[in-house]
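For what it's worth, our numbering labels the leading residue of the first sequence as 1, then goes sequentially. Heads up, the beta-carbon is just placed ideally off N, CA and C, and yes, glycines get one too. Following: one structure in structure tokens, then a few remarks.
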Amino acid sequence: MPELPEVNTFQRYFDGTSLKQKIQEVVVHDDKIIQDISGMEFAEKLQGATFLSSYRQGKYLFGELDNTHNVLLHFGMTGDIKYYEDELDKPKHERFAFIFENGSRLGFDCPRKFAKIRYLEDRNAYLERIKLGTDALRISTKEFLEKAKGKKASIKGFLLNQKILAGVGNLYADEVLYQLRIHPASKVNKLSKKHLTNIITRTQEILQKAIDRTAYYKDYPDDWFWQWRKEGAIAPDGKSKIETDKIGGRTTYFFPKYQKLYV
DNA sequence: TGTGATGTTGAATG
DNA sequence: GCATTCAACATCAC
Numbered sequence: 001m002p003e004l005p006e007v008n009t010f011q012r013y014f015d016g017t018s019l020k021q022k023i024q025e026v027v028v029h030d031d032k033i034i035q036d037i038s039g040m041e042f043a044e045k046l047q048g049a050t051f052l053s054s055y056r057q058g059k060y061l062f063g064e065l066d067n068t069h070n071v072l073l074h075f076g077m078t079g080d081i082k083y084y085e086d087e088l089d090k091p092k093h094e095r096f097a098f099i100f101e102n103g104s105r106l107g108f109d110c111p112r113k114f115a116k117i118r119y120l121e122d123r124n125a126y127l128e129r130i131k132l133g134t135d136a137l138r139i140s141t142k143e144f145l146e147k148a149k150g151k152k153a154s155i156k157g158f159l160l161n162q163k164i165l166a167g168v169g170n171l172y173a174d175e176v177l178y179q180l181r182i183h184p185a186s187k188v189n190k191l192s193k194k195h196l197t198n199i200i201t202r203t204q205e206i207l208q209k210a211i212d213r214t215a216y217y218k219d220y221p222d223d224w225f226w227q228w229r230k231e232g233a234i235a236p237d238g239k240s241k242i243e244t245d246k247i248g249g250r251t252t253y254f255f256p257k258y259q260k261l262y263v
């Protein structure tokens with residue numbers, strides 16, 4: 001699920017449900033995804049605290065507490081949050097939940113347990129330490145071009161690198177390169193300044209449109225790539241067949257006849 | 001039944 | 001030292 005538009009949608013949901021209510025208790029069913037401290041310590045730190053606001057950078061969502069500390073929610077591949085009152089609505093793979101004073105809960109669901117939850121006293125120090133890149137929606141063309149300079153990596157791998165820009169994942173990277181007819185294995189240093197400018201501009205347009213549609217794929221424009229992004233697909237021109245390859249470490253879908261390779 | 005998945009990390013490699 | 005690649009993590013669905 002969660003790339004930048006999905007996490008942005010989670011953020012709105014979090015803001016709309018979980019701010020400004022005191023956390024009465026935290027229940028932890030499985031503390032595998034809680035980093036550095038035990039589930040019990042996590043619960044103790046949060047008991048009695050209140051989320052006042054949130055901050056998102058790329059796929060990283062931070063709940064900002066009234067004591068200036070932060071809770072980092074990173075959703076991994078299968079993380080999700082759900083606010084509910086009735087126990088019957090508890091998500092199937094809930095790993096922990098905040099219980100608020102009004103009795104409602106914010107449950108964190110995660111079947112695959114690749115999510116990472118952290119209690120952070122100093123958010124900026126953490127971001128500095130992991131060298132998380134500028135948010136993909138906020139990066140300037142200038143900074144993007146600067147970071148691209150001399151890079152020999154594939155454009156796909158470059159876009160996926162969260163230290164370069166934060167927020168683009170496997171699906172949206174394929175989407176951008178399809179829309180611009182650029183082969184994902186093209187080398188960054190073989191792409192023109194014009195290409196690179198188009199890439200960052202189109203990336204931002206796509207992410208923004210996805211956000212406007214609350215990351216709900218069925219509402220995306222008809223000509224977007226995601227619906228062809230599967231084995232056996234035939235391009236809209238009715239001729240070229242889809243191909244998959246491992247590029248930038250991830251399974252990549254593209255139309256080799258339609259997307260030009262620059263190497 | 002085996003395979004791969006909307007992600008990240010640290011170790012290995014060049 | 002730097003840039004880049006790859007296996008590993010845990011579970012589920014096709």
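Residue range Asn170 to Gln179 is occupied by the alpha helix (DSSP H) that includes Val176, with no beta strand (DSSP E) assigned at that position.
Ranked by Cα distance from Tyr13, the options Tyr84, Lys241 and Ser192 are led by Tyr84. By the beta-carbon neighbour count (other beta carbons within 10 angstroms, threshold 16), Pro221 is exposed. Beta-carbon to beta-carbon, Ser154 and Pro111 are separated by about 30 Å, too far to satisfy the 8 Å threshold.
Take Ser186, set aside five residues on each side of it, and the residues of its chain with a beta-carbon closer than 6 Å to its own are Ile155, Leu261 and Tyr262, in chain order. Look at Phe114 here: in three-state DSSP terms it is coil, with no helix or strand label. Counting along the chain, the unbroken alpha helix (DSSP H) around Gly39 starts and ends at Gly39 to Leu46.
Closest in C-alpha terms to Gly39, from the list Gln21, Leu106 and Arg95, comes Arg95. For Tyr13, the enclosing alpha helix (DSSP H) has its first and last residue at Leu4 to Ser18.
As computed with DSSP, His74 is found in a beta bridge with Tyr60 and Lys116.
The Cβ-Cβ distance between Leu19 and Leu52 falls below 9 Å.
Here DSSP, grouped into helix, strand and coil, assigns Gln24 to strand. Note: Arg250 is bridge-paired with Ile247 in the DSSP secondary-structure output. Looking at the backbone, the Cα of Lys90 and that of Lys22 are separated by about 20 Å. Residue burial annotation: Gln204 is buried, with at least 16 other C-beta atoms found within 10 angstroms of its C-beta.
Thr50 sits away from Leu61, with the two beta carbons spaced by 9 Å or more. Per the DSSP secondary-structure output, Ile199 pairs with nothing in a beta bridge. Within its own chain, the residues whose Cβ lies closer than 8 Å to the Cβ of Gln208, once the five positions on either side in sequence are excluded, are Leu137, listed in chain order.
The Cβ atoms of Leu73 and Phe108 sit closer than 9 Å to each other. Pairing Leu159 with Ala173 gives a Cβ-Cβ distance under 9 Å.
Taking a contact as a CB-CB distance under 8 Å, the pair Gly157 and Ile247 counts as one, their CB atoms being some 7 Å apart.
Between Lys147 and the set Ile200, Ile37, Lys218 and Thr17, the nearest pair of CA atoms involves Ile200.
The shortest C-alpha to C-alpha distance from Phe75 to any of Leu180, Lys113, Lys142 and Gln259 is the one to Lys113.
Between Lys59 and the set Lys194, Tyr253 and Thr134, the nearest pair of CA atoms involves Thr134. By the C-beta density criterion, Ala125 is exposed, having fewer than 16 other C-beta atoms within 10 angstroms. In its chain, beyond the 5 residues on either side, Thr214 and Ala215 have a beta carbon closer than 6 Å to the beta carbon of Thr9. Contact between Pro2 and Gly79 holds, since their C-beta atoms are separated by about 6 Å, short of 8 Å. Under the 10 Å beta carbon count, Tyr178 is surrounded by 16 or more other beta carbons and is classified as buried.
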